[in-house]
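Notes follow once the structure below has been shown.
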Amino acid sequence: MKKYLEDRTLAILLFFMSFLFVNLYFGVICATRVNIGDLLYLDVIGTVLAVTVFLSDYRKHRRICRTLAQEQDIPKEEIKKLLGHQLCEIWCRRKEADEEKIQSLYNEILELSDYITLWAHEVKLPLSALRLMNERNQDKVLQEEMQDPLERIQQYLNTMMMSSKLKKPENDIKLEKVSLKEAAAEAVKNHSYFLIRHNFAIEMYLKDIAVYTDRRWLVYMLDQMIGNAVKYRGETPALTFGAETVSPGSTDFWIQDNGCGISGEELPYIFDKGFIGNSQRNGSYRSTGMGLYFVKQTADRLGIGIRAYSGENNTRFTFTFQNHAEHFFLEDQSKPCRNVRNRGKVLDRCKDFPLLFCYN
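Numbering (UniProt numbering) for the sequence shown: 1 to 360.
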């Protein structure tokens, strides 16, 4: 109501000025010829009419606001009833222009994503050739020096390819029963060169716990965590993986390192895009601030909770998995849903999930 009154300030002022003018004219100038009772009656009638008009206009204003606030498309006929023919035409033209701009930007993003994917695949061949050439290098010192940047390039390439798929990951999702121990082992293997080179101690307390998620995206998130542990390692680096079932439908999976840690004032912002931080991160390695941002984006799209804890010389990231098997009709609790006829039903039952994991 307050905003409505602010929008109608001029109309309200004009009404009061007209009201005052009529009363002054008939009450003062024509006082000898006008009965005071008739003037009061005229004031009451005018006030009732004005209030009726303003209430009607306010109801229409609220209806327009509610309609325009809706996320779904609004029929043109409904817009025409609310705004009138002229404003409706202007609305439709602006909407069409905005949709064309959005579609154009979307196509540009898809083209860029396709180019990145093509470029990444093209780079794999010369990178593999360089790795083979380095393996035949007789100079062991030079071989080790060359192997370091080659491994980094390979990891950056994998990160770039997976990150480009975050724009539209629903086409690259496969929900399945994933062993946390196997996923952690795969991620450790991906970083085996740097873990061995820097003498990392690896401990796993995972037992036989499994969760329902996408295996490749889970390994991708673990890759980012292990990569950070390598970059910000301590003097005697160590990595610890653990998991526990906190409730019948919830599992916590955590990874902890003993590196430089994250300061308390920076901790709330580590998942923000481009956030680098200053505490003990001013060494030779220049962080981009994108790794944990991609991890958070991936976790959100998969419906996985993620929390970070950091103390002196240690950092722990905890992933929380919910058992959504029944929502996706996994009959044997190990295979993803393939029944296309259930798509609509899945959508109805899984409104809280950001992605639909049922696929052809």
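Built from N, CA and C at the ideal position, the CB exists for glycine as well.
If you look at ILE255, you'll find it in the beta strand (DSSP E) that goes 250-257.
The three-state secondary structure of ILE306, taken from DSSP, is strand. For ILE12, the uninterrupted alpha helix (DSSP H) segment begins and ends at 9-24.
In this structure, GLN155 sits away from GLY259, with a CB-CB distance that is not shorter than 8 Å. By the beta-carbon neighbour count (other beta carbons within 10 angstroms, threshold 16), ASN190 is buried.
DSSP places ASN228 in the helix class (H, G or I) of the three-state scheme. For TYR193, the enclosing alpha helix (DSSP H) stretches over residues 192-197. A Cβ-Cβ separation of about 5 Å places LEU206 in contact with LEU180 under the 8 Å criterion. Bridge partners of SER179 according to DSSP: ALA210. For THR320, the uninterrupted beta strand (DSSP E) segment begins and ends at 314-322. Between the C-alpha atoms of PHE275 and ALA308 there is a straight-line separation of about 15 Å. Annotation: GLY261 to ASN313 spans about 5 Å, alpha carbon to alpha carbon. Unbroken alpha helix (DSSP H) runs of no fewer than 4 residues, entirely contained in the segment 59-121, are found at 76-83, following chain order. Sorting GLY249, SER310, LEU267 by C-alpha distance to the C-alpha of ILE304 places GLY249 at the top. A direct Cα-Cα distance of roughly 36 Å separates TRP91 from ASP272. Nearest C-alpha to GLU182 among LEU42, ARG197, ARG216: ARG216. Between TRP119 and LEU166, the alpha-carbon positions lie close to 17 Å from each other.
A distance below 7 Å between beta-carbons, with the five flanking residues on each side excluded, links VAL246 to the following residues of its chain, in chain order: ASP252. Here the alpha carbon of VAL230 sits roughly 26 Å from the alpha carbon of HIS121.
Around the beta carbon of VAL211, a 10 Å sphere encloses 16 or more other beta carbons of the protein chains shown; the residue is thus reported as buried. When secondary structure is reduced to three states using DSSP, SER56 falls in the helix class. The C-alpha of PHE317 lies about 29 Å from the C-alpha of SER113. In its chain, beyond the 5 residues on either side, no residue has a beta carbon closer than 6 Å to the beta carbon of GLY37. For GLU244, the secondary structure class from DSSP, reduced to helix, strand or coil, is strand.
The beta carbon of LEU42 sits closer than 8 Å to those of VAL22, PHE26, all from its chain and outside the five residues before and after it, given in chain order.
ILE36 sits in a helix when the DSSP states are folded into three classes.
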